[in-house]
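Read through the structure below, which is laid out as structure tokens, and then see the notes.
Numbering (mature numbering (1 follows the signal peptide of the UniProt record, and there is no 0)), first residue to last: -31 to -1, 1 to 1005.
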């Protein structure tokens, strides 16, 4: 520890800043009978004076700060006054004035503040004693951006944690990856633990109910979770009664917002689209018998469908177009309200109650999310030996997902089609197949269905109940030994109902009759943990902490579905039995898995300088064969608090410096519980007599050698703080090898099976992570803090099927490349007119795509010319956060960065089909060769000539690979905190009003909806939106 003199010098410097800041403005007292008191404030630890201590007369504007020697002078309104004495790093103290005129006030060190703790799994550790790579996010950071999904609220806050939106549709989940992709066939998501309950996700939680999240990243931290820790662990601690103070505190948080569609892809204007559409027929229109070339007449006949597009041609001539964007999209609305009450009774009972409601409508009709949350936490300190508590969270999510194809259909329809029949009022099912009163085509183009009918005649409703609870009992046997038992359980009930009316695409495929499907699933899991903790200090320098754990986990899933077609009435999914009996489709499933575990963890520190952590967990899992069910997952870590060494004791530059190193093993058992068994499925077949028979067939061969996926990781990190922690941060470098990865391996046909589940691969992730926080300005009136994160992760397949040289091209697995590698031809431009002869040698024509001839053999071949183009795994990610406070105003902003991402864009692949449908509406620069049909030639080296046959890109869609790198401003918020005088009149403790904008700016070259979900299916992908919010936070 540093000597007393050094502590005193630091306090003097802090105090000097506070004293100077206090001189910038002063608050006069009210004119009344007053008297003057004087005094000195010191530290209870060493009796040293404390400069810059705030002293306020409770309930008034009388205030001052201590000088450089800890002395103060203050006017007080009378003997009944109470002094509130507060200072950073010390406990606030209330002092009654009475008749006394001179005071000596001693402040106790706030141990909890100085020894900030980190949740590390089955316990906590002082941040100064932490040896692993752990990111901690407090409640303020989770909620300050007004994001309603708790996973999204993590975005950009912790290096090494990649979070991205999956579709852009309201209520849909977010993808989260910690330190890269570790698995091929097993699960890749981290383990979420909410108040001791393992969960698949935390979308159901209300961010306002969360006290903190601790993200365990390296093996030393996650090894205590053994077989479930290889993908990282996110420990969620919700608000409970444990931290409740005396008296009742009530807070209300509420905001409303509107969601506008933003950054829509730039489309062709109607006339440009018509030019584009005509040029597609140059390759397929009949030729003039006199010239042997496509003429204006033959082109017009082809485009006009030989008389079947009379109405379309009329609309083109009159420039009568329709805006499908405007017809389908609308402004969404959101509202969110949260009420919290907490306190602690005189008998030691602490309580925390939170109630939340969220409503949000999407940018398409019939998309709506309603979310109701109830959170109750109760803790009771019975006496100094016994403590018990309970936490329960109940959530109901009712989500209308709307039509899954309406957005797609809206972008497929060309601008000269409209949604109506000839009367201009009735919605017509297929705008591209319009007929007159005689039933003859007057528009005969695309068969795409009317998106407005899809919206009005489709239902996709998801209703999900989530209940999680945890109860614990703790016995403090001595001041160094405690026992704790806890039982945690989670229950999820999900019902998804879908129906498609007769006037939808699905209805048309079912004899123009409605159809419906109902899916239901239930999950129940419980965890029973029993642990003892020893925490003892010897000779004032040796601190030993030992954890022993016995744990049981059980998980049970049930699911069923029913579906029918050709229903006589549109009764949604509530009367599936009304469908035609021959179309009935029903099924059900069940699985169960259990886990038994033992664990030990030892933490040792010497003189607060040298740190050691050892742990081991033994897991037995039912998902593996009997001989392979048990495995152990050890870890070790060391740390050195360099800043506590004597040679840095006098340093005014280095305030914190710690070196960490860790090594450990974790596992992954997220596989089908019956993957190692020989399984059967029912099968209907015809015997030789033509009789229908029912029986069972073997669908999966047993593998008695199936074993755990196992990950070993080495991590080196440094935590630093400079200039009295005005600059703080950490750097981590890691190398992670995941071995025995589960995947399906092909089998010889003689076995009767096509493949088998086996441990066949290994993957390496290595990278560097940086977190940096700077307190740029820190005065009484102005504070400005900035945060930066940077992550670079390299993902590499090391072996597959026991070898490290031969790729598995069919499964897109390439040795030495990322698991998300993209393998195809490389597009290099468009064959121009003067290159026609060379193009012919490659089997191509003028106006078609030019590819890289990798092996220079004069032809394009799959084996010789396809290469790795890139990966959807980013080269690097980063973030920037800024928080500025000027007196009562605050301004904050956040920015996330993702660079070096290549994706196959489903958005582009759907709009580029040119088979007489005219889907392509993106504003592109396409190629048109010289021709006799009267169409102007167009030179382009980026997009080929459209052709009314085959695919737009003739070679594996080479043009659909897009760079999805981006810089996104996630939010900008401006707030105002009401002053003390106004608060006193209103009877409030605090009140903040604010305006917030979510996702206002995106900088990217990607042309689709949003680069964050560029790889999403077009059916579920949605345009990006900007949300404008107004809200308040009130406490009383």
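Idealized CB from N, CA, C, for every residue including glycine.
Out of curiosity, what's the CA-to-CA distance linking residue i and residue j?
i, j, result
"residue 877", "residue 380", "11 Å"
"residue 130", "residue 761", "11 Å"
"residue 256", "residue 796", "31 Å"
"residue -11", "residue 209", "For residue -11, the predicted structure reports a pLDDT of 39, less than 50, and the residue's modelled location is therefore unreliable. The matter cannot be settled from this model."
"residue 677", "residue 816", "53 Å"
"residue 903", "residue 835", "38 Å"
"residue 231", "residue 290", "22 Å"
"residue 1065", "residue 918", "Limits of the chain in this structure are -31 at one end and 1005 at the other, which puts residue 1065 out of reach."
"residue 703", "residue 92", "24 Å"
"residue 24", "residue 586", "51 Å"
"residue 986", "residue 921", "19 Å"
"residue 254", "residue 471", "36 Å"
"residue 860", "residue 752", "11 Å"
"residue 164", "residue 499", "15 Å"
"residue 449", "residue 584", "20 Å"
"residue 640", "residue 576", "45 Å"
"residue 737", "residue 173", "32 Å"
"residue 88", "residue 94", "7 Å"
Can you give me the Cβ contacts of residue i inside the same chain, cut-off strictly under 8 Å, excluding the 5 residues immediately before and after it?
i, result
"residue 906", "897, 898, 899 and 900"
"residue -1", "Low local confidence applies: a pLDDT of 41 at residue -1 is under 50, so the model's placement there is unreliable, and no value is given."
"residue 966", "940, 941, 942, 995, 996, 997 and 998"
"residue 716", "670, 722, 723, 724 and 725"
"residue 949", "30"
"residue 789", "150, 764, 840, 841 and 842"
Locate the alpha helix (DSSP H) running through residue i, then write down its first and last residues.
i, result
"residue 954", "949 to 955"
"residue 423", "420 to 426"
"residue 283", "279 to 287"
"residue 266", "265 to 272"
"residue 157", "Unbroken run through residue 157: none, as it is neither H nor E."
"residue 109", "108 to 112"
Given residue i, which residues of its chain have a CB within under 6 Å of its CB, disregarding the five upstream and five downstream residues?
i, result
"residue 81", "A caution first: residue 81 carries a pLDDT of 49, below 50, which makes its placement in the model too unreliable to give a value."
"residue 497", "456 and 521"
"residue 975", "931, 933 and 983"
"residue 929", "873, 874, 877 and 878"
"residue 910", "798 and 799"
"residue 434", "365 and 462"
"residue 175", "325 and 342"
"residue 980", "933, 935 and 973"
"residue 638", "196, 590 and 592"
Can you name the residues that DSSP bridges to residue i?
i, result
"residue 498", "455 and 520"
"residue 306", "326"
"residue 150", "Paired residues: none, contrary to the question."
"residue 871", "932"
"residue 634", "681"
"residue 846", "760 and 867"
"residue 167", "162"
Taking CB distances under 8 Å as the criterion, tell me whether residue i reaches chain D.
i, result
"residue 182", "No chain D appears in the structure shown, which is made up of a single protein chain."
In its own chain, which residues sit with a C-beta less than 7 Å from the C-beta of residue i, not counting the 5 before and 5 after it?
i, result
"residue 473", "418, 422, 423, 426 and 427"
"residue 622", "691 and 692"
"residue 846", "131, 760, 866 and 867"
With respect to the beta strand (DSSP E) encompassing residue i, which residues constitute its N-terminal and C-terminal limits?
i, result
"residue 969", "959 to 973"
"residue 336", "336 to 350"
Does the region 641 to 652 come into contact with the region 139 to 146, if we say contact requires no fewer than three beta-carbon pairs (one atom in each stretch) closer than 8 Å? Output reads no: the region 139 to 146 does not touch the region 641 to 652.
Decide yes or no for the touch test of the region 354 to 361 against the region 120 to 135: beta carbon pairs closer than 8 Å, at least 3 of them. In the pairwise beta carbon analysis, the region 354 to 361 is classified as not touching the region 120 to 135: fewer than three pairs are separated by under 8 Å.
Assess contact between the region 598 to 616 and the region 84 to 101, defined as three or more Cβ pairs (one per stretch) separated by less than 8 Å. Is contact present? Pairwise C-beta distances place the region 598 to 616 in contact with the region 84 to 101, as three or more of them are shorter than 8 Å.
Would you call the region 770 to 789 and the region 715 to 732 in contact, with 3 or more CB pairs under 8 Å? Here the region 770 to 789 makes contact with the region 715 to 732; the two share three or more CB pairs at distances below 8 Å.
Decide if the region 775 to 795 is in contact with the region 825 to 845; the criterion is three or more beta carbon pairs, one per stretch, under 8 Å apart. In short, these stretches touch, since the Cβ pair count reaches three.
Tell me whether the region 232 to 239 and the region 327 to 336 touch, counting them as touching only if at least three CB pairs, one residue from each stretch, are closer than 8 Å. Per the Cβ contact rule, the region 232 to 239 is not in contact with the region 327 to 336 (fewer than 3 Cβ pairs under 8 Å).
Could you say if the region 670 to 688 and the region 701 to 721 meet the contact criterion of at least three C-beta pairs nearer than 8 Å? Enough Cβ pairs lie closer than 8 Å, so yes.
At least three beta-carbon pairs within less than 8 Å, the region 440 to 456 to the region 483 to 493: Using a C-beta cut-off of 8 Å, the region 440 to 456 makes no contact with the region 483 to 493, since fewer than three inter-stretch Cβ pairs fall below that distance.
With a threshold of 8 Å, are at least 3 pairs of Cβ atoms found where one atom belongs to the region 361 to 368 and the other to the region 392 to 401? No contact exists between the region 361 to 368 and the region 392 to 401.
Between the region 667 to 675 and the region 179 to 192, do three or more beta carbon pairs fall short of 8 Å? The region 667 to 675 vs the region 179 to 192: no contact.
Does the region 552 to 563 come close enough to the region 521 to 531 that 3 or more CB-CB pairs lie under 8 Å? When Cβ pairs closer than 8 Å are counted between the two stretches, the region 521 to 531 is seen to touch the region 552 to 563, the count reaching three or more.
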